[in-house]
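To start, the structure under review is shown below, and the notes come after it.
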Amino acid sequence: MKEKDLMEKVVALAKRRGFVYPGSEIYGGFAGFYDWGPLGTKLKRNIKHAWLRDTVERRDDVVDIDAALIMNPKAWEASGHVGGFSDAMVECKKCHHRFRADQVKNECPDCGGDFGVGRQFNLMFETRVGAAEGSESVAYLRPETAGGIFVNFKNVLNSTRLKLPFGVAQIGKAFRNEINPRDFVFRTREFEQMELEYFVKPDEDEKIFDEWVKRRFAWHESIGLKKVRLREQAKEERAHYSKATTDIEYEFPFGWQEIEGVANRGNFDLSAHAKASGIDLTYFDEEAKERYLPYVIEPSAGVERIALALMCEAYTEEKERVVMKFHPHIAPVTAAVFPLLANKPDLVKLARHIYEALKADHSHLGSFAWDDRGNIGKRYLSQDEIGTPWCITVDFESLEKNDVTVRDRDTTKQERIPIANLKEYFARKLG
């Protein structure tokens with residue numbers, strides 16, 4: 010399959026099956042914004058849960074917070090975003106379309122016209138806070154979630170009594186007024202980040218940086234991404250404060266692109282906020298009996314980018330079906346429950362009982378769906394196309410033997426499982 014064809018098919022399936030819709034579609038859309046449908050919302054939720062389990066819940070040295078979308082503008086001035094968070098932009102003299110300078114060459118890709126002189130374009134979204142007009146009411150939608158972590162460093166330290174090394178994690182919305190949103194949901198103006206600021210002793214930063222690079226790469230593989238690689242940024246690519254940055258990239262149909270970056274930010278952030286606020290943000294090391302500003306290692310991942318990578322990875326065309334081969338932990342629906350025939354009350358009653366029991370008692374095993382539309386073959390194909398790993402069918406034999414047929418998405422093989430063993434079956438399958 011050609012890469013362009015793959016992307017077009019993923020985009021079409023995403024809309025048709027309720028993963029992603031164009032934003033404000035009935036009004037002609039709105040560039041750089043997308044709405045996530047029922048299945049896409051579940052996919053994103055599973056990505057975030059998997060990240061939280063690995064980054065926060067399975068560790069004793071990481072806590073998470075939920076900071077405000079809008080902070081005091083002074084925080085963004087201190088971090089350098091107000092004055093320096095910009096991209097070089099060029100505008101076509103003929104059609105007046107604008108592009109990031111690093112994404113185009115000598116002529117406009119839309120009309121072939123010439124570009125004018127480039128200029129810097131600040132990516133911050135401005136908003137107004139309060140009823141009064143004037144410069145005092147100007148604020149910004151956050152361009153990253155990390156800022157809320159740094160300004161709460163002292164609060165977290167005082168309220169938890171964590172000792173170095175420790176991390177503060179956050180999942181949340183961020184906004185960037187991208188000059189040229191592109192590649193479906195890869196580069197948008199509203200997106201979700203999963204970020205960790207892991208604070209360390211200054212002389213331990215390089216070792217811990219390497220550990221986090223390896224851990225984050227392994228996580229991407231664990232959720233089913235195979236076409237991933239590590240790419241160390243060259244010095245001229247890195248932010249001015251970065252001691253080292255390694256990108257985790259995925260091979261999309263439009264090329265290798267970053268889905269997560271791991272950066273050694275030194276002590277730039279705490280130093281900048283301490284200076285601007287006048288608040289002491291040093292850490293007292295009881296063992297060494299000294300105060301210092303910790304260094305920070307930052308793994309930062311994009312939820313939508315990972316979701317797009319998973320959809321591209323999962324999309325599979327076989328002879329008679331399209332299958333989304335999501336990893337079972339990530340699939341929007343873990344298993345669908347069917348009555349063999351929707352017009353047979355006894356089959357429907359038992360199937361509904363199994364479905365309700367799985368939803369009520371075993372929700373930790375994943376998400377379960379009910380499906381009684383059309384014939385059984387069409388139901389299988391429908392569930393294959395949204396990536397459901399297993400289908401549970403209640404047939405006439407189930408009424409006699411209290412068992413069901415469980416069909417595997419990838420192999421299409423079926424096996425009979427006692428109803429009483431379904432919980433154990435899925436627990437084993439999901440590891």
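Numbering (this note's numbering), first residue to last: 10 to 440. Quick reminder that beta carbons are idealized off the backbone N, C-alpha and C, glycines included.
query: What ranges does the alpha helix (DSSP H) occupy inside the segment 43-94, keeping only unbroken runs of at least 4 residues that lie completely in it?; result: 47-61, 82-88 and 90-93
query: Going by C-alpha distance, which of Asp69, Phe162, Arg191 and Phe195 is nearest Leu290?; result: Phe162
query: Taking Cys120 as part of the alpha helix (DSSP H), name the residues at either end of that continuous run.; result: Looking at the DSSP string, Cys120 is not in any alpha helix (DSSP H), and its letter there is neither H nor E.
query: Measure the C-alpha to C-alpha separation of Asn189 and Asp419 and round it to an integer number of angstroms.; result: 38 Å
query: How would you label Phe405, buried or exposed, when you count the other beta carbons within 10 angstroms and need 16 or more for buried?; result: exposed
query: Can we say the segment 209-216 touches the segment 318-338, given the rule of at least three CB pairs closer than 8 Å?; result: no
query: Beta-carbon within less than 6 Å of Glu204's beta-carbon, same chain only, minus the 5 sequence neighbours each way: which residues are those?; result: Thr154, Ala155, Gln179 and Ser309
query: Would Pro348 and Val403 be called neighbours here (beta carbons separated by less than 7 Å)?; result: yes
query: Closer than 7 Å by C-beta to Glu116: which residues in its own chain qualify, once you throw out the five before and the five after it? Chain order, please.; result: Gly122 and Asp123
query: Round the Cβ separation of Gln266 and Phe195 to the nearest angstrom and send it over; I've been treating them as touching at under 8 Å.; result: 7 Å
query: Thinking just about the alpha-carbon of each residue, which of Gly125, Gly37 and Asp44 is nearest to the one in Lys24?; result: Asp44
query: List the residues that DSSP assigns as beta-bridge partners of Gly176.; result: Val71 and Tyr207
query: Is the Cβ-Cβ distance between Lys387 and Phe377 less than 7 Å?; result: no
query: Exposed or buried, what is Asp355 when buried is set at 16 or more other beta-carbons lying within 10 Å of its beta-carbon?; result: exposed
query: Shortest alpha-carbon distance to Leu234 belongs to which of Arg425, Glu269, Val415 and Lys358?; result: Glu269
query: Would you kindly work out how many angstroms separate the C-alpha atoms of Asp294 and Gly157, rounded to a whole number?; result: 24 Å
query: Which residues does DSSP pair with Asp294 in a beta bridge?; result: Glu299
query: Run through the DSSP bridge pairs and tell me what Met98 is partnered with.; result: Arg109 and Arg128
query: Nearest-angstrom Cα distance between Arg361 and Pro31?; result: 34 Å
query: Using CA atoms only, rank isn't needed, just tell me which of Pro337, Asn55 and Arg137 is closest to Gly440.; result: Pro337
query: Just tell me which of Pro398, Glu409, Leu408 and Ala351 has its CA closest to the CA of Asn384.; result: Ala351
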